[in-house]
Structure formats: C-alpha cells, structure tokens
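What follows is a single structure, written as structure tokens, with notes after it.
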Amino acid sequence: MKKYFNRLSGLILISLLVSSCDFLAVDDREMLTEKVVLNKIDDTAAMWATLYSNLPLGFTSITGNAMLASASDEADHNAPFNEVHSFNNGSWSAYSNPDNAWNSLYAAIHNANNFLKVSDTITYNQYKIVDPTYYTTITTDMKYYRLDARFFKAFFHFELWKRYGEIPIVNKLMTLEESYALNRQKPDAIRSYILGELDAILPDLKPTWESAYMGRITKGAALALKCRVLLFAASPVNNGGQYNATLCEQAASAAKDVIGLNVYNLNMDYRNLFLNTTAANTEIILDYRNANSNYMEKWNYPSGGNRLYAFAVGANATCPSQNLVDAYEMSNGKPITDNTSGYDPQNPYANRDPRLALTILANNTMWNDSTVKAYVGGIDGIGKNNSTTTGYYLKKFIQEKKNLTTNQTSSHVWHIFRYGEILLNYAEALNEAFGPDVVPPNYSLSARAVINMIRARTGVAMPAIPAGLSQVDFREKVRNERRIELAFEGHRFWDVRRWMIGAQTENAPLRGMRITKTGTNTFTYEVVKIEDRKFTAPTMYWYPVPFAELVKYKGWAQTPGWQ
Amino acid sequence: MITNPRTFAVYALQKTATDYSYTKIGENSALSWVTGSGHTNRNSFEANLNYETTKGDNALSAMLVYHMDRYVVRGSHLYQGNQGISGRVHYGYKNRYFAEVTSGYYGSEVFAAGKRFGLFPAAALGWILSEEGFMKNSLSFVNYLKLRGSYGLTGSNTSFTGISVTDRIFFNQYYSGSTGYAFGPAMGTTKVGRQEGRMANPDLTWDKARKTDLSAEMTLLGHVNFQFTWFNEVRSDILTVDAASIPGTLGFSNGRQPMRNGGEVKNHGYETTLGYFGNCGDLKYSVEAGLWFNRSEIIKKPDLAIYPDAYRNATGKPVGQIFGLEAIGFYKNNADVANYPKQMFGIVGAGDVIYKDQNGDKVIDDNDKKPIGYSTIPEYTYSLSLNLKYRNFDLTAFFQGVANSSAMLGNYFIPFSTKGNAYDYAFDRWTVDNQNASLPRLSTIDNANNYQSSTLWLRSAEYLKLRNLELGYQLPGNLMKRLSLDNIRFFVRGTNLFTNSKEINFIDPESLTGYPSMKSVSMGVNVRL
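If you read the sequences in order, they're chains U and L.
Here the numbering used here is used: the first residue of the first sequence is 751, the next is one more, and so on.
Here the numbering used here is used: the first residue of the second sequence is 12, the next is one more, and so on.
Right, here's the structure in full:
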C-alpha cells in the first residue's frame, strides 16, 4: 500500500509541474494597462486633459510656492528660507535651481508624445455604422485633442529653450537608448521645429471654443506662441546683443495675425483683467484655468484691515520693490526722474500712472475696509512677522474682502497669453524692424499707435507717446511700458535676459520704502536698500542643465559659464 | 445602523481689543466613523521526496521538495504567487567527511515571464577532525572539532513589499490618475487626468547574494565551547529606483523612474561565541559570550543623485551612513557672521551654529554635508549570558550591547522644534553669558540653520543593556511528593532593568522614536501537576 502511495504522490507532483506553467501569471485585470486606456474614449481623453494640467501656473511656479517676480527686480519674497532667494544672491547653480523645470517640462513633452502615439492607433471604426453621430463626435474630438497635443509640444520646447538655450528636441516617444543619444540642438533648429509644429496646426485650429470649453487651445493661442517665439529669437540675447530685424518683422507679422483674428480686445478694467475668468474678459488668449482658491489672499494679505481671518496671513508674500514702483510714470507721462514731472518724494504715490494703484498696495491706501499701515511700527509695517519686507503689498491678482476664516474662495487669472502682451510684442518688434512711426505695407498700425492703445485703456488713460521719437528712445518707452503693463505676470525675469540688461537691473540692490508716521495721516518716506543682489552676465542669461542630468549623456557641454 | 442626531462645527478663537470671540468655520456636520473588514486566502501545496542509504562507511541522503503557494486579498484579483523546486544531496564518509550540494529553482509572480525563475545552487564541505585517530591520540583535550566551508548563491524578492499591484508588479506598464483640468468660464467642465505610472521594466529579476562561510566549532577540556564563523557576502541586483541614470528627457521623472536591479552591497564580518560550563559542588554554572561583527559597503546605488564632491556620495560607505555638516562653534555676536562663509539655511545671528566649509566654495549648503559618525546600523553586537544553579535556587542573566553606531537627533530632541518641548540638556544653550555652550541659542520659532543634520546633534548610539534577569526557587522534591505535585517554582523576573549609554541617557538609545523597549518586573509561580 505504502509503495503505491509513494508512486501516486510522485505522479501528482509531476502532473502539477506540467500543468502549472502559468501558475505565476499576473492577474491585473483591475489595472489600467495601455490596452484598457485605448479601449475607452474617456481614458484617452483623460490623457489629453493631463496635458493642460502641465501648463505653468505662475502663482506657485517656483519651488516653495514663490512667484518668478521675486527672482527679478520686481519683488522680494518675504519668507526668508524660500529657495527663490538663491536667484538673487547668486547661489543658484546646476545643483540647485528653484525653477527646477527640466524634468517636468520633458515629462510634459513625453505626455504629449505618448498621447499622439497612443491616439494614432485608434480608429473607432466599430461605431461608423452602428452609431454614425457618435462616430463623428469622437473622431472630431480626437482631431482637436491631437492638435492640442502638438501645440503643447511646441509650447514646452519653447519653455525649455528660453531657460537652457540649447536643448534636445524630443519629437516622438523614445526608447531609453534613444534618449541617451540625444544632443543639445542649436537655437535655429529649435526655432524651426517649434514654428513648424505651429504652422502645421494653425490652419485647423478653431478661432474660439464654445463657452463650456473656454480655456482650450485656439488659433489665437498658437499665433501668440508663434509671436513670442519669434520675438525671443529676434532678441539681443540670441543675436549677439542686437535685434534681428528679419525675425522682428516676422514676430510683428504674427502679432498682426492675432489682431486680425478680431477675437480679442483690451479689457477696459485693468484690475478686473486678472480676476475675471468669464468670457467677458476678451483679453484672455490662454490662461491657466485654476479652480477658485484663496491661497494668494492668505499669502499676500496685509495683517491689518478688516479681520477676515482668524489666523496669521502674509507668510508667503510677494513684496513689490521700489525699483518697480519708481518705473511707473507720472500721470502726465513723464518719468519721476524728470525734474519737470512734478514727482514729490514725500508724496510719492500721488498723480502716478493709475496702474500703480491697481497693481501695488501702498501705505495709507484702502484695503479690506481699512487703510494699509505699512509704516514702521504699523500693523502691516516692515519688521512685523509675516509682513512686507519692502513697504508694499501685491494687489494684482489679489481679491479684496475675502473671508478666509470661512474659507471663501474666488477666481484669479494667470495669463499665459493675453492680448496686451501681443500688442507690446507688436510694438517692440515693429519698432526694431521699421522704427516707431512707420506703417509698413500690409500693416495698418504703427508701433506707436499700438502702444498708445494700451496706454489709452479706460481707467489707465496715460498720455499718448508722441510721434518723432528715435528707434532707441522708443525702445526704452516700449520696454518700460512692458515692465509696467505686465508686472508680476512672469515676464520681467525673461525680459531682462532677452534684452541682456540683467547685468544692470538684477545686479543693482533691491530697494524698498521705509515709512515713518509723523502725525494723523502724515508720513515721511525714505527709500532704503533691502538687499544686495548678484547677477553674473552673460552666464546667468541661460540656465545650467541640472548636473544630475548632464552626467547622464555622453559629451554634453554645460551651458557656458556654468560648472 | 447607528444614527447620531448631534452635529458639530469648528470654531476659531479670535482676540478682539478687550475680549475673545469665536468664529464658526464651515457648517455643522455629524461625526463620522469608519468600519472595515478584511479577508485573505492562502493556498499552499508542498510535496517531499526523501531518499536515504548507508553502505559501510558511506552515507548518502537526498531530498527533493516541490512547493507552490498563492495568497489573495479579497477585493483584488492579484495574487502573490511562489513556485519552486529544491533539492539537496548529502554525502558522508566515516562520519568524518561531509559534502553537500543544494539547489533551488524558484519562481515568483513579480517578474515577467522569462525572468520569473532563478537557479540558486550552493555547496558545502565539512570535516570533523576530532574523529581522526591522530587527534584522538595526541590531542585528547580536544573533545570536538569541526571545520566547515560553504559557498552559495541565494535569491530574494523581498523588496517587492506591499500587496497592491503598483507595489509589486513593475514589469507591466500601467496608467494611473493624474491631475486633470477644468474648462469653461467658471471652470465648470472638469476633465479627469491620466498618465503612465512608474515606467515598466520587463527585465526585472531576482536580487542575489553570493555568500562564503568558513567556520570552526570546538569543545575543549570538556568545559569550553568555541565557535567562529567568518563570512563574506556580496548582494547584487538589489531592487532600486533608477533615478541616477534614467535621463529626464525620457519623460519619467519625479518618482516615476523605473525599478531596476541596480544596487550592490558588500558585507563581511565574523560571528563568534565562547562558553564555559561546569560545576563546583552544588553550584552548576555556565557562561557564554558572543560577538557579531558586520561591516557593509555600498558598491552601487543608482537611486541616489550623484554629487560633484565625492564625500557626499553614498557609494563606498556603509549602509545607513549618517551625513551632516561639521559644527565648528557659534557666532559670538551679529557682526561675527561676516567672518565666516555665508550659510544658506536662513538668516543667522549671535548664538547660531557655524559650519565648516567642506568644499571651499565659500557657501555653506547641502554640498558641505559629509559622512559623520558611524552608520545607524551597529557594526558590533555583543552579548553575555550567565546561568547559575545552586541547590534549589537558579539565576540567569542576559546582557546585550552594540557598538560602532551613531544617531542623529532630530525633531523631538531639538529643544522647542516644531513647537515641541525640551529635555534638560537644553539648559546648556548659548547665551551672551554662556558662550562655551554645547547647544546654540534657543528659539520658539524653528531655526533651519541650527536644526541641520550636523555634528552638533550627532550622538553615539552605543549601549549595553541588561535584557533579562531571573531568580528562581524550586520547592524541594520531598515536599512535592507530600503535596502530590510534580513541580512548584517561584520566580522574580526583570527585563531591560538597566541600560548604559555613552551619549544618550535621556531616552532609550535603541529606539529614539517610536516605542521604547519595555522595562518590566514580574513575579510568579509555576505549578506542574
């Protein structure tokens, strides 16, 4: 009996060995494999939605939730340990960069490439006969999803280019070996790749979307990117310190095409422009559609005023600099440095460009049903915990009278492209190509006429820039106008590099206003140095490739000047 | 169903000029609770085949084992599966010479087909010298002496922890939810997001260890036991996240880099025990001392960044090596700050820690963190056990200790950090009148400069503990008989009664955070009927 049993168990063992080849096969039916994702239109569409979430949101774009403004002469960040300060004290490097964008931008490009590859294999032929209406809907959806993906590839390549200069172009889904073999490309190759993508999708893009899809990529967004790319390519930093007139003309032409769409207008309420996410805000070309929130209020509200909160506010504030405040003209159009401007250093905010009061919260102005007490010893003054470091608070983007204790939220517009920028691009490019007053053939507006459109905005109503300025004088006017109009919108940091003026503007000390209260409603004002700043030109016009990435490639050279 | 009609809101306390007021945050809502249950299922099958034969001086035995196992947690179809066959052949000659060959062929579901199974052979040789005639004749004080050597390959998949698919299966490409987006004037058209999860690596396979053991075991003079083992082990193909070699341009960064068999660690050391046992009249005693030494060295670690300063890299250093800044003093006053390189951790002033500029770049930052102290894993572990028996009394004691290990004080141990408390060593903090303090100035607001991992907070983690002490008394046998009982023993037992540590005397040096080992004293009686 025992003998038989032994033989029997042997048989069982052998049969088990034979029959259980797939005993270890994984049963992962709950998981989203590529096959599952491709089978469901909702999953494929979700991959497309992720591409939008990769767009930059400037309120939190720097490590530690600082704004890029605090890395330029626009502002100082009041949280002392925030990494953004390393841009200003010169300690940023290939080992630590607060705008740590390399990996996330390439991940965004990968997502777009993967979406294009994955969606390319779907046909939906199974619906053609059974449900022709549905077939038309989803094939049309997919067509626009794919156009968007190509836009994002262009967009994110430009974001890389303006940071790192020479960058690898990743135009398709790569294997590991292919990624190791990448090389940094020359600017001409990057420019023609980006423009090629944009020109390919432009004819098919819609000029506008129905209300429910407001915020999607349009013809205007693609033209605006084209305009920005061309102006960047035409700028001194890419042309040995001079503008390239040919590229300037192309940039102006792209701006002209945006104007010619007749879709966009200047918002006649400069403050509302940054708060209104509805279709009434026709200045938006592309913005980051972020949900209603109140973190910007928590970070930037002065402590005083109507107590709309039961906790400390202002711990992560972007504090506008005196350097920027001084750049606002007097309402008569003269700079404050002009002796005849009427500027009174002891009444510094009177009769200034109205955009100053719409952008920056200064001492003794109304906010949250109270006056801002930014003087020394005041509840919002320099030296108080979580208070301003410069004597000013940010007002642009910040909604007034939001009850933070009850967690009241509201909308904030982070413009990626807005019509105002396009007009400024037009003025800058056309001036460099033809001069301020020339209306070239096929154009209907001079550089001066366009910049005066911005200055004439209702509620701003700055005097027009007169005719007859030289190209150089007008250049300074355009640059100052851009600095004022686009303050805190994430442009200045790049403009000082593009114009190669960082050695002057970013190497100068950051200044603030020390205010002393001398009586009821009377103050004395003293401009003080907040901190010394360090900027090494030309090295810091471009980012270094992160060291950890550089070492992964054979024969890659670091950006000149960086180790 | 339990229902509770009461609802609650949250209130914030606000100070007004003369009084306090409460502001309600949110709406009244009911308290919530969670219930749960779990169900798991494990099926195993094992079959053994044994063979044994002896012919004269030759002894041969062989064994074959087949094993399969499947474990499922309800709610998921994923099972954890293992399957394998292993064998052993043992040959002995004259009870003196031994040879053994073992081999396993194992498979696991965490690897892709084709990479699933691994073959892990090992061999050992043994020689009992004390059985040899020359030993018996001329070295008769050696009661027993055995030499043994082995070399083998073992495999492990224990790095695949967790029961969810994404914790275990890294060879298939999965997609997962990611940030979506909202369109429309009031962001009313919301779309969920989707992207690839961790990049798949179909080449993953077993992590392996090649281990060499040489050992000697002996008994001398009938009273001394001695055992010594030397080992050398190289673990390779350790499962790591491939952060240091996968380029960002591939698009899988931020924790989505693939897993890889990339790590390699070398361990070598020895293990030895020495015991003495005997009796002296009615006193029976035995003493045994043990020492275990293990030094590790990281050969490859691809989940970590590579640093330009060689001292920052984990490779070449032990597993668990502590890195930190070298504290060289405190600023005497605010003006003193200008005399040293700029420290990048925050604004500094009088009484804050000054650190040494290790790489000479005139800036103190993370790049100045070098290996300081030992690893958090001790290199030496030692023990001493003692057994005494005198007539009806018995006493046992067990001591255990570690050496060559360090600890970095953080969190709770930094006075007032994260709004915490302070130990009394905080009295020796820097003040204007106490310039030679051991600790920097105290602050109730967190001070990132002073809280950096540094020699200031580095402590030796060495300790010696009395793990166990027991005294017993057994009632005499004649008394037992009268009570018709087999045995009655009274005892007093203490665990962790005593700890000695060089530098950590304010808390259990063995577990700085979490639960300390329990100190307990118990008394009892054992009765056997």
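For every residue, glycine included, the Cβ atom is placed at its ideal position computed from N, Cα and C.
Since the model is a prediction, treat every value here as computed from it, not as a measurement.
Coil, strand or helix - residue i by DSSP
i	result
Val768/U	Low confidence applies here, because Val768/U scores a pLDDT of 46, under 50, leaving its location unreliable; read the following figure in that light. The answer is helix: DSSP assigns Val768/U an H, G or I state.
Ala28/L	coil
Trp138/L	strand
Asp870/U	helix
Gly144/L	helix
Ala939/U	helix
Thr1289/U	helix
Tyr963/U	helix
Pro389/L	coil
Lys1048/U	helix
Ile1172/U	helix
Pro1104/U	helix
Leu302/L	strand
Met12/L	For Met12/L, the pLDDT reaches just 49, beneath the cut-off of 50, and the residue's location in the model is therefore unreliable, although a value from the coordinates is still provided. Three-state result, Met12/L: coil.
Lys752/U	With a pLDDT of only 49 at Lys752/U, under the threshold of 50, the placement of this residue in the model should not be trusted; the figure read from the coordinates follows. Helix.
Trp798/U	helix
Met1203/U	helix
Ile859/U	helix
Within 8 Å, strictly: CB atoms of residue i and residue j
i	j	result
Asn1181/U	Val1246/U	no
Ile1015/U	Glu1033/U	The question names Ile, yet the displayed sequence has Asn at residue 1015/U. In contact: Asn1015/U and Glu1033/U (Cβ atoms closer than 8 Å).
Gly1064/U	Asn1136/U	yes
Met1080/U	Arg1102/U	yes
Pro487/L	Asn403/L	yes
Tyr185/L	Thr177/L	yes
Ser417/L	Thr387/L	yes
Met74/L	Arg99/L	yes
Lys1284/U	Asn832/U	no
Ala338/L	Thr466/L	yes
Asn1175/U	Ala984/U	no
Phe502/L	Tyr436/L	no
Tyr484/L	Arg500/L	yes
Arg107/L	Tyr82/L	no
Val1200/U	Ala1177/U	yes
Span of the alpha helix (DSSP H) around residue i
i	result
His835/U	His835 to Asn839
Phe901/U	Pro882 to Tyr914
Phe1243/U	Arg1242 to Arg1248
Ile1234/U	Gln1221 to Glu1235
Ser187/L	No alpha helix (DSSP H) contains Ser187/L, which is instead part of the beta strand (DSSP E) from Tyr185 to Phe194.
Thr1255/U	Gly1252 to Thr1255
Gln1072/U	Gln1072 to Val1075
Presumed contact (8 Å Cβ cut-off) between residue i and residue j, rounded CB distance
i	j	result
Leu932/U	Tyr1303/U	7 Å
Ala899/U	Phe865/U	5 Å
Gly357/L	Asn422/L	Not really, about 18 Å apart at Cβ, beyond 8 Å.
Ile1280/U	Gly1252/U	Not quite, the Cβ-Cβ distance comes to about 18 Å (not below 8 Å), so this is no contact.
Ile1234/U	Tyr1078/U	6 Å
Leu1036/U	Ala971/U	4 Å
Boundaries (first-last residue) of the beta strand (DSSP E) holding residue i
i	result
Arg978/U	Arg978/U -> not in any beta strand (DSSP E); alpha helix (DSSP H) instead, spanning Lys969 to Ala984.
Arg534/L	For the record, residue 534/L in the displayed sequence is Met; it is not Arg. Ser531 to Arg539 is the extent of the beta strand (DSSP E) around Met534/L.
Met79/L	Asn69 to Val84
Gly160/L	Val153 to Ser167
Ala408/L	Phe404 to Ala414
*Should the region 1160–1171 of chain U be called in touch with the region 991–1004 of chain U, which here means at least 3 C-beta pairs below 8 Å?*
no
*With contact counted as at least three CB pairs below 8 Å, one residue from each stretch, are the region 186–195 of chain L and the region 215–222 of chain L in contact?*
no
*Does the region 1017–1031 of chain U come within contact of the region 1001–1008 of chain U, defined as at least 3 CB pairs closer than 8 Å?*
no
*How about the region 224–236 of chain L and the region 820–837 of chain U: do they share at least three Cβ pairs that are nearer than 8 Å?*
no
*asked:* Assess contact between the region 159–169 of chain L and the region 120–138 of chain L, defined as three or more Cβ pairs (one per stretch) separated by less than 8 Å. Is contact present?
replied: yes
*asked:* Closer than 8 Å is the cut-off here; do at least three beta carbon pairs connect the region 908–926 of chain U with the region 238–250 of chain L?
replied: no
*Taking contact to mean at least 3 C-beta pairs separated by less than 8 Å, is the region 248–265 of chain L in contact with the region 290–302 of chain L?*
no
_For the region 1187–1207 of chain U against the region 1148–1168 of chain U, do three or more pairs of beta-carbon atoms, one drawn from each stretch, fall closer than 8 Å, so that the two count as touching?_
no
_With a threshold of 8 Å, are at least 3 pairs of Cβ atoms found where one atom belongs to the region 85–95 of chain L and the other to the region 112–120 of chain L?_
yes
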